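Single-structure report; data block below.
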Amino acid sequence: AQSVTQPDIHITVSEGASLELRCNYSYGATPYLFWYVQSPGQGLQLLLKYFSGDTLVQGIKGFEAEFKRSQSSFNLRKPSVHWSDAAEYFCAVGAMDTGRRALTFGSGTRLQVQP
Amino acid sequence: GAGVSQSPRYKVAKRGQDVALRCDPISGHVSLFWYQQALGQGPEFLTYFQNEAQLDKSGLPSDRFFAERPEGSVSTLKIQRTQQEDSAVYLCASSLTTATNEKLFFGSGTQLSVL
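Going down the list, the sequences are from chains A and B.
All residue numbers for the first sequence refer to our numbering, where the first residue is -1 and numbers rise by one.
All residue numbers for the second sequence refer to our numbering, where the first residue is 24 and numbers rise by one.
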């Protein structure tokens, strides 16, 4: 069974500072990996995804993530955080080899941005 | 519509009541998912439809939960004899195709409170 761990429940950064949110997954084969963002009262929005090819993927809003198979990680990064980035971030894994459509989400990291 | 629409936005039920939650996916989207998000947690998969066919219901927590999508568009999640542990946000998501790495579009959810 696949699983996702987001070790940081809550992170606070200053506006303009760099950001890295950690995600570790457990899956027997090459996974599909996603980062979603959820603002209060809103649905989840896809930031980026990885399913093959280049291990560094670019997403919307200036975010990027790097797939590291040896570390079973898919950390999300942004070089300069904006106040509007304050939200909850979820990492998710999907099965590539079984065809099962369900995603497994982590428990999320809440990002707070200080002025 | 422009996005995934869920209704009602909030639902309060007395323990033992039946509830019905509605999801209007994006027009033409083949795949439809229901997820349950408990407070402070990530979404957990409940069930998946491909058009009108319910292909995966492995995440439904008990036989009190029932979902349908009779015409391959609107879906309803029904919970019978609600319990306090059913209190959560119920998220609906849709995607254009059946590909596992397809982007999911999420609704804003229905927040269910069982008293």
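Beta carbons: idealized from backbone N, C-alpha and C, even for Gly.
Just so it is clear, the structure is predicted and the values come from calculations on it, not from any experiment.
Can you check whether the C-beta of B:N74 is within less than 8 Å of a C-beta belonging to chain A? no
Under 7 Å between beta-carbons, which chain B residues line up against A:G39? List them in chain order, please. S131
Have a look at A:F65, A:S105 and A:L45 and flag the residue whose alpha-carbon is nearest the alpha-carbon of B:F129. A:L45
Which chain B residues are close to A:R98, counting only those with a beta carbon under 8 Å from its beta carbon? D79 and T123
On the three-pair Cβ rule with 8 Å, is the segment 110 to 127 of chain B touching the segment 42 to 60 of chain B? yes
Starting from A:Y25 and walking both ways along the beta strand (DSSP E), at which residues does that stretch end? Element bounds for A:Y25: n/a, residue is neither H nor E.
For A:D83: DSSP bridge partner residues: Note: A:D83 sits in no beta bridge, so no partner.
Can you have a look at B:S142 and say buried or exposed, based on whether 16 or more other CB atoms are within 10 angstroms of its CB? No information on residue 142 of chain B is available, as it lies outside the stretch 24 to 138 that chain B covers here.
Kindly identify the DSSP beta-bridge partner or partners of B:S28. B:D47
Residue nearest to A:C21 in terms of C-alpha spacing, selected from A:V111, A:T102, A:A15 and A:Q112: A:T102
With a threshold of 8 Å between beta-carbons, can B:S95 be considered close to chain A, or not? It should be pointed out that residue 95 of chain B corresponds to Gly in this sequence rather than to Ser. Not closer than 8 Å to any Cβ of chain A, the Cβ of B:G95 fails to qualify, so no.
Under the three-state DSSP convention, the category A:I58 falls into: helix
Contact between the segment 7 to 25 of chain A and the segment 71 to 89 of chain A: three or more CB pairs below 8 Å? yes
Using a Cβ-Cβ cutoff of less than 6 Å, which residues in the same chain neighbour A:Y48 once the five nearest sequence positions on both sides are dropped? L31, V55 and F65
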